[in-house]
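S.K.:
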Amino acid sequence: MAASLYQPEDQSTEVWVFLEHQDDLFENISLELLGKGRQLADELGWQLTGLLLGSRVSKLADQAIAHQADRVWMVEHPLLERFTVDAYAHAAYQSILKGKPGIFLLGATHDGRDLAARLAVRLRTGLNADCTDLRIDPSTGVMISEVSGFGGGVLALIEMQHHRPQMATVRPGVFPILKEAPDHVGEKIPFPVQIQQEMIRTRVIERSVSASIDLTQTPVLVAGGRGVAADLAQLQELAEMLGGEVGATRPLVDMGIIDRERQIGQTGVTCSPKIAICCGISGAFHFIVGVEKAGTVIAINSDPEAPIFDNADYCVIGDAQKILPALAAALKRDTEGVRG
Amino acid sequence: MAELQIAVCMKVVPKPEEVRVDPDTHRLLRQNVRNEINPPDMNAIETALALKDRYGGKISIFSMGPPEAVNQLKVALAMGADHVYLLSDRTFGGADTLATTYTLACGIRKLGNVDVVICGEESSDGATGQVPQGLAEWLDLPQVTLVTDMLLDVKTKTARARRSIKGGYEILETPLPCVVSVKTACNEPRFMDFQLRARSDQKRRLTIWNAEDVGADGNYIGEMGSPTRVSGLASAEVRDRKREKISGSRDEVADILAKLIRGIVQRQSI
């Protein structure tokens, strides 16, 4: 068997997490990784290290330490100002060969996946993708990753004995963000890397980003399926009243009715709202996994046999398009009653 | 530039809804499960066909799998692809992403002179979404993932691709050759063409290569070349919900739901 570039005997007893950020703010996934990384490091008696790439990252490093990182490697370079997979892969590769972490976690985001998959091949190590849980085998100290496949219906536990680092990308929204611990003490380690412009083969010509929606953090989810495809405005109104967001099943996204970033489920977003109101959704397994972490699930569907009812706390058999306006009216009355 | 050479990576997968885990043995039950081309790979072949329509050239399909996979891969020929290269060898079995990407890279290198390698976003069975980038790394090529649209400049040997990013898109320019993955559902895969259907049975359009044919290093392929091990399998269990029925007239139901929702949203926001 071909070996990874460094072996378990050579690893440092550190859990590394890759910290994604934009416009001087951490992406939520970075804080989620720090939380999970802290837990794994504590179980192993290891240190937690954040890998922070960018042009100027000192302030973010302080914030990572407040989120309980023991060390932050600050890899600063003008060519790291924006994410490019070429520059970031070079910088991360040089950092990892120097720091030799036993475990290295990244977010299963667009950029995180691009970086992780290239790095894993370059390091000749394995990578577990889009993990929904991570734990340590107490007898071996090896990390066990839980991943799902076949539309979410099958869970697999994956581990790696002889190759390092143990790499995994983690699905956003799965792990909670720990509270800041302002007294936590950590060390900032500047690490110079060698990157030249010629290493960056792809060039960004244009970038257009509108305010992006992060359904993983919404407190209320109003989700629609085929049964309400004709009129999502009702869902929007309800979501606004409750301070929530609208999500949808994959068919609605594929039909172009709603943006892909609002897709709930296995190939979309896993969210953890206090309440999920599922309207006109039949409830295929790959959708259900997306609301698995919801506090309460309400289902409204005209088909009494719809599988969604097996996975809901409150079940309403009826046409969502008729019930939603009545519900909006009742909620309005309710609010006015409270005010009066 | 000589004739445009496009490689498309495809995987034949079991239909996800038909796969179960044996509760006793914890093995995947694949008996009586039908196979299909991984749906996201259909978006990859469509992207390739659109490039061929526009710039001419040749499309070669690359797939790793057992000899029977040919049955599904023929669909790509009937859609307009020119050749299928099936990488098939017992020693390829049990491959994780590291070994799979290595093997595909060996096949693509063996063909040589490929300008664009196109992959689907991810497979419906493993769903790692790591193959395109891993392949790009083995081939030492630039990558553009999650592409929804692309154009080539044949003279300057560059590609311009629209990549979907969080909250929007970016337009990237990359020199050829390159590896791209296309966003699932970014296009409408065409149907098989009846006039092209005869091609799918032409033996000259099918090549099966084993490990030796592609010059693969035995240490990097199959189970031997896979650092990760599956140590357990289980059917995903969803959590048990209350399943309480709410019935009544439309307004009664609405009132009950409104109280319930206000109870939860307000209780927790105080």
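Quick mapping for you: the protein sequence lines, in order, are chains A and B.
All the letters of the first sequence, read from the start, carry residue numbers 1 to 340 under our numbering.
All the letters of the second sequence, read from the start, carry residue numbers 1001 to 1270 under our numbering.
Where a beta carbon is used, it is the ideal one built from N, C-alpha and C, also for glycine.
#1: Given a cut-off of 7 Å, decide if G1222/B and G1094/B are closer than it, judged by their beta-carbon atoms.
#2: Within 7 Å (strictly less), CB to CB, does L6/A reach chain B?
#3: According to DSSP, is M1224/B helix, strand or coil?
#4: Using the three-state DSSP reduction, which class does N1219/B fall into: helix, strand or coil?
#5: When the Cα atoms are used, what is the spatial distance from I1270/B to E180/A?
#6: On the criterion of 16 or more Cβ atoms from any shown chain inside 10 Å, does V1114/B qualify as buried, or is it exposed?
#7: Quick check on DSSP: helix, strand or coil for V154/A?
#8: Quick one: give me the first and last residue of the beta strand (DSSP E) that Y93/A is part of.
#9: Measuring straight from C-alpha to C-alpha, what distance separates N1187/B and D1213/B?
#10: Less than 7 Å between the C-beta atoms of S148/A and N128/A, yes or no?
#11: Going by C-alpha distance, which of F18/A, V220/A, A61/A, R333/A is nearest E187/A?
#12: Could you check whether the Cβ of G1215/B sits closer than 7 Å to any Cβ belonging to chain A?
#13: So D114/A and T1145/B are in contact, right, with Cβ under 8 Å, and what is the actual spacing, rounded?
#14: For K1245/B, which residues does DSSP report across the bridge?
#15: Out of curiosity, what's the CA-to-CA distance linking L119/A and A156/A?
#16: Kindly list, in the order they appear in chain A, the residues whose Cβ is closer than 8 Å to that of L1098/B.
#17: Short of 9 Å Cβ to Cβ, which residues in the segment 1183–1204 of chain B face chain A?
#18: Which ranges does the beta strand (DSSP E) cover as unbroken runs of at least 3 residues, wholly within the segment 42–75 of chain A, from first to last along the chain?
#19: Helix, strand or coil: how does DSSP classify G1168/B here?
#20: Would you say T249/A faces chain B, with C-beta separation under 7 Å as the test?
#21: Mapping the DSSP letters down to three states, classify K188/A as helix, strand or coil.
#22: Between N1038/B and chain A, is there a C-beta pair that is closer than 7 Å?
#23: Considering only the alpha carbon of each residue, which of R1090/B, A1099/B, E1036/B lies closest to V1070/B?
#24: Would DSSP call G1120/B helix, strand or coil?
#25: Mind pulling the chain B residues with CB within less than 8 Å of D313/A?
#26: Give me the Cβ distance between G283/A and G227/A, rounded to the nearest whole Å; I'm assuming they're in contact under 8 Å.
#27: I'd like to know if V1238/B contacts chain A, where contact means its C-beta is closer than 7 Å to some C-beta of that chain.
#28: Can a CB atom of chain A be found closer than 7 Å to the CB of I1270/B?
#29: To the nearest whole angstrom, what separates the beta carbons of R1163/B and L1151/B, a pair I think is in contact under 8 Å?
#30: Considering only residues of the same chain and omitting the five flanking positions on each side of T1097/B, which have a CB-CB separation below 7 Å?
#31: Can you name the residues that DSSP bridges to W1209/B?
#32: If distances are taken between C-alpha atoms only, which option among V316/A, Q196/A, L40/A, S55/A comes closest to H90/A?
#33: With 7 Å as the threshold, decide whether the Cβ of A1095/B is near any Cβ in chain A.
#34: Determine, using beta-carbon pairs with one atom in the segment 168–175 of chain A and one in the segment 97–112 of chain A, whether at least three such pairs fall under 8 Å.
#35: Contact between the segment 1190–1205 of chain B and the segment 214–231 of chain A: three or more CB pairs below 8 Å?
#36: Expressed to the nearest angstrom, what Euclidean distance is found between the alpha-carbon atoms of I317/A and L324/A?
M.R.: This is what the structure holds:
#1: G1222/B is positioned such that its CB atom lies closer than 7 Å to that of G1094/B.
#2: The identity of residue 6/A in the sequence shown is Tyr, whereas the question assumes Leu. So no, Y6/A is outside the interface.
#3: Judged by DSSP in its simplified three-state form, M1224/B adopts coil rather than helix or strand.
#4: In the structure shown, N1219/B sits in a helix (DSSP, three-state: H, G or I).
#5: With a pLDDT of 34 at I1270/B, under the threshold of 50, the modelled position of this residue cannot be trusted, and the question is left open.
#6: Within a 10 Å sphere around the beta-carbon of V1114/B sit 16 or more other beta-carbons, which makes this residue buried.
#7: Judged by DSSP in its simplified three-state form, V154/A adopts strand.
#8: Where Y93/A is concerned, there is no enclosing beta strand (DSSP E), although the alpha helix (DSSP H) it sits in stretches over 85–99.
#9: Cα-Cα distance, rounded: 35 Å.
#10: It is not a contact, given that the beta carbons lie outside the stated cut-off.
#11: The residue among F18/A, V220/A, A61/A, R333/A with its C-alpha nearest the C-alpha of E187/A is A61/A.
#12: With a threshold of 7 Å between beta carbons, G1215/B makes no contact with chain A.
#13: Their Cβ separation, rounded to whole angstroms, is 6 Å, which keeps D114/A and T1145/B in contact under 8 Å.
#14: According to DSSP, K1245/B bridges with C315/A.
#15: Roughly 23 Å between the two C-alpha positions.
#16: Residues of chain A passing the Cβ test: A120, V121, R124, T125, G126, L127.
#17: Here the close residues are K1183, T1184, A1185.
#18: Runs of the beta strand (DSSP E) inside the segment 42–75 of chain A: 47–54.
#19: Note: G1168/B maps to strand in three-state DSSP.
#20: No, no contact with chain B.
#21: Three-state DSSP puts K188/A in a strand.
#22: N1038/B does not count as touching chain A.
#23: With distances taken between Cα atoms, V1070/B lies closest to E1036/B.
#24: Three-state DSSP puts G1120/B in a strand.
#25: Here the neighbours are R1241, K1242, R1243, E1244.
#26: Not a contact, Cβ separation roughly 11 Å.
#27: Judged by the 7 Å Cβ criterion, V1238/B is in contact with chain A.
#28: Because I1270/B carries a pLDDT of 34, less than 50, the predicted location of this residue cannot be relied on, and no value is offered for it.
#29: About 13 Å separates the beta carbons of R1163/B and L1151/B, which is beyond the 8 Å limit, so they are not a contact pair.
#30: Setting aside the 5 residues that flank it on each side, T1097/B is surrounded in the same chain by T1128, Q1130, V1131, G1134, each with a C-beta closer than 7 Å to its C-beta; the list follows chain order.
#31: Per DSSP, the beta-bridge partners of W1209/B are L1087/B.
#32: When only C-alpha atoms are compared, the closest one is Q196/A.
#33: Answer no: the Cβ-Cβ gap between A1095/B and chain A never drops below 7 Å.
#34: Three or more beta-carbon pairs separated by less than 8 Å link the segment 168–175 of chain A to the segment 97–112 of chain A, which places the two stretches in contact.
#35: With the cut-off at 8 Å, the segment 1190–1205 of chain B and the segment 214–231 of chain A do not touch.
#36: For I317/A and L324/A, the distance between alpha carbons rounds to 13 Å.
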